[in-house]
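Throughout the sequence shown, residue numbering follows the numbering used here, covering 1009 to 1682 in sequence.
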Amino acid sequence: MTSVRATASVALSLVAIELCGREVARRSALDLLLGVRPGLLTLTVVAALAAAAGLMACRRARQGGATAFVFAALFSAGVATQIELGARLQSDGFYYFAYLRSLVFDRDVEFSNDYKLLGLGDKPQLFEPTPTGYAQSAWTIGPAFVWAPFFAAAHPIAGRLAAGGADVSTNGMSYPYRQAVCIAGLVYGLLGCWFTYRLALLFFDARLAGGAVAFTVAGSFMLWYIVKEPSMTHAPSMAGVAGFAWLWAATHGRRTRAQWAILGLVAGFITLIRWQNALFALLPAYEALTQLAPAVGLKDRPRILSALSAGALFTGCAVLAFLPQMLAWKAIYGSFLAVSPIGPQIQWWDPHLVDILWSSRNGLLSWSPVLYLGAVGLAIFAIARPWIGAPAILALALMTYFNASIQDWWGSVGYGGRRFDGTIPLFALGVAAFVDRATELARRHPLRVVAGGGGLLVLWNLTLMSAAQNGHVRIGEAVSFAEAAAHQARAFHGWFGHPFTYPASLLFAARNDVPIGAYDLLSANRFLGDPVRPYGRVDVGEPGDELWLGDGWHAAERAGPVSFRWASQSVTTIIPLDHPASLRVQVRARSFDYPGATAQTLAIVVNGVAQPPIQLVGEWSTALFVVDRTAWRTGVNRLTLNFGRSARPADVGAGSDGRVLAAAIDYLRVEVIQ
């Protein structure tokens, strides 16, 4: 058994070295030594087989090491996936990388030269001088510390490549340094999985704990930030919070002074990685308060002093660990505590709580349905173990409020609810609790489980029938099941919307009298929702404009650069608003004119409130209306365009067109009256 384990270990090591060489050095060791270059899939299969052999050997010998084989295989698969997906330094990763490169090569936190080397010289806001004359930075210093070992390992690789004649610089900017950061993201993602597994193992058996971690990470946005965008901070952030949560739960109720100090240091350190990780200090704070409250009630002076001293020790160590960021702020902004003017604003009194959870624009639960199960399970867990579950739910609620209050609550161009990275360990507890309860119910009610599966098959048939009825699937002919499945999905969505947007989509549909599925785009595209964009525009005739259009419109057309639709005498447009406001409404239109036609007029009606008519003048003209805020409502507004006249071209000698035409509409625009 020892020889099998050793052989498996060597095979896994060789595969990992080969893959890391391909990603960091863009060289294949096997190709250089043996003249062969196995494919990524082949290497991944070899790693999986070696890990399986190692696992079986560990079980037969009843020895440890099984976890190491699992994570070694996952590491190899992760590197192969990064290569396949083209993982690279990108997005916010540039700004965190600037910290690392500047600290190592320049020994400072003045990033002007680093930004230019990274290709960010076209962003003038970065170079607005701070009070100390430095370049701006709204990012944390922590990633530089966790990436540093990988960055250091890349330096000799870059040097060797440069010495061999490759076009590789050794100033910290070339691809070996950048790709090493991607490897770091994978390593910290796996480390976070291990800590999360250890956390779940405190309350569930090994199989359930491991399965819950796998489902939560692989079924959520977290996987994207491990294999596709690993240069973001989400993987190390998740790892840090997972370690913090495990240490907190493992020592709960019996923590020594040294452990309180370590917990504080970890709390400060994870805040160095992402600011909002400071919110997880609520976990030990809740514990300390539950110990302090009864002691105060009993006037138990020793217990009061013990709780207060533990809290003070935790806080002091957290501040100590956070000191590097404070020193960086001091150098950049001249103060130990600073808020960068180029970061997104926090709008504490206007949180997008519903959007952050259920919106189609990176909603936490709508984009990662497995977390819906985790949220339900976390409630179950809190009932069973309130001393752990209650503060976990409070921390999750606080994180939700904070993220919902950020100006770009959707996380800019990120994938899913990325700013919730630190909550993944807590959701894993919830998934484990949900699966535990679900399997118990399945054992008690097996017939219902089978009936539920049968119901899904019936639903599949109904959606296929709908696709056939609508002509999307031609009966009696060979079909592409991929295309059929797409039409089945549309049929299902037309009936039920996206179930993981419930209950938000159900309430939205009921309140605004629209189909459930309309929630996806109408709610997410509400005008005035972004403070920096106090306007909204419907480009009539462009692809996807059907979402905004009601009755009375004809097919989309184009005349040169202008897209438009012809409108009949009365047409309706949907205007979704984040909130009511006094708005200026612009309608760019061209009247349907013909010999003997009278002047065309346009009047609009907003939710039943009529506005005075305006005469359309010229080939293309813009009608301008001012509509008071009292006419508008939060959610879906129905704006009706009523024209003074309409006619069929065939009836007035203007061609053979039999449609009723009043005017061609280019766009409608609403903007807040400042």
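Don't be surprised by glycine CBs; every beta carbon is placed ideally from N, CA and C.
- Each residue's CA atom was taken as its position, placing proline 1507 and valine 1458 some 21 Å apart.
- In this chain, the beta strand (DSSP E) harbouring phenylalanine 1572 covers 1570-1575.
- Taken atom to atom, the span from the alpha-carbon of threonine 1140 to that of glutamate 1118 is near 10 Å.
- In the DSSP assignment, valine 1087 falls within the unbroken alpha helix (DSSP H) covering 1074-1093.
- Closest in C-alpha terms to isoleucine 1401, from the list Val1327, Thr1075, Ala1390 and Phe1077, comes Ala1390.
- When C-alpha distances from proline 1164 are compared across Ala1188, Thr1148 and Leu1669, the shortest belongs to Ala1188.
- Per DSSP, asparagine 1370 is not a residue of any beta strand (DSSP E), being assigned neither H nor E.
- Threonine 1178 counts as buried, since at least 16 other C-beta atoms from the protein chains shown sit within 10 angstroms of its C-beta.
- Within the region 1299-1351, the complete alpha helix (DSSP H) segments of 4 residues or longer fall at 1309-1341, listed in chain order.
- Collapsing the DSSP output to three states places isoleucine 1396 in a helix.
- As for any alpha helix (DSSP H) of minimum length 4 sitting wholly inside the region 1147-1205, the runs are 1150-1171, ordered along the chain.
- Counting along the chain, no beta strand (DSSP E) covers aspartate 1363; the unbroken alpha helix (DSSP H) around it starts and ends at 1361-1366.
- Fully enclosed beta strand (DSSP E) runs of no fewer than 3 residues occupy 1561-1567, 1570-1575, 1578-1585, 1591-1599 and 1609-1614 of the region 1548-1621, in order along the chain.
- The bridge partners DSSP lists for glutamate 1679 are Tyr1543 and Arg1592.
- The criterion of a C-beta distance shorter than 8 Å is satisfied by proline 1433 and alanine 1250.
- Bridge partners of asparagine 1645 according to DSSP: Ile1583.
- A direct Cα-Cα distance of roughly 15 Å separates asparagine 1645 from glutamine 1619.
- The Cβ neighbour count for leucine 1449, taken over all protein chains shown within 10 Å, is under 16; the residue is labelled exposed.
- The Cβ-Cβ distance between arginine 1282 and threonine 1241 falls below 8 Å.
- The three-state reading of DSSP puts glutamine 1284 in helix, counting H, G and I together.
- Three or more Cβ pairs closer than 8 Å define a contact, and the region 1329-1341 meets that threshold against the region 1138-1157.
- The C-beta distance from phenylalanine 1079 to alanine 1024 rounds to 11 Å, too long to meet the 8 Å contact threshold.
- For the pair alanine 1597 and alanine 1671, the CB atoms are nearer than the 8 Å cut-off.
- With respect to the 8 Å criterion, leucine 1555 and leucine 1515 are not classified as neighbours on the basis of their beta carbons.
- Rounded to whole angstroms, the separation of the alpha carbons of valine 1032 and tyrosine 1104 is 19 Å.
- Taking glutamine 1284 as the centre and dropping the five residues before and after it, the same chain places the C-beta of Phe1410 closer than 6 Å to its C-beta, in chain order.
- With at least 16 other beta carbons inside 10 angstroms of its own, alanine 1318 counts as buried.
- Counted as a single uninterrupted DSSP element, the stretch harbouring leucine 1128 is not any beta strand (DSSP E), since DSSP gives it neither H nor E.
- Look at the beta carbons and you see the region 1244-1258 touching the region 1425-1440: at least three pairs across the two are nearer than 8 Å.
- Rounded to the nearest whole angstrom, the CA to CA distance from tyrosine 1510 to alanine 1532 is 15 Å.
- Contact between phenylalanine 1600 and aspartate 1674 does not hold, since their C-beta atoms are separated by about 14 Å, which reaches or exceeds 8 Å.
- Going by DSSP, phenylalanine 1633 is part of no alpha helix (DSSP H) but of the beta strand (DSSP E) stretching over 1629-1635.
- Contact between glycine 1525 and glycine 1505 holds: their C-beta atoms lie close to 4 Å from each other, under 8 Å.
- Per DSSP, the beta-bridge partners of asparagine 1650 are Ser1578 and Ala1611.
- Taking the CA atoms as reference points, phenylalanine 1633 sits about 29 Å from alanine 1517.
- Remark: C-beta atoms of valine 1439 and glycine 1382 approach each other more closely than 8 Å.
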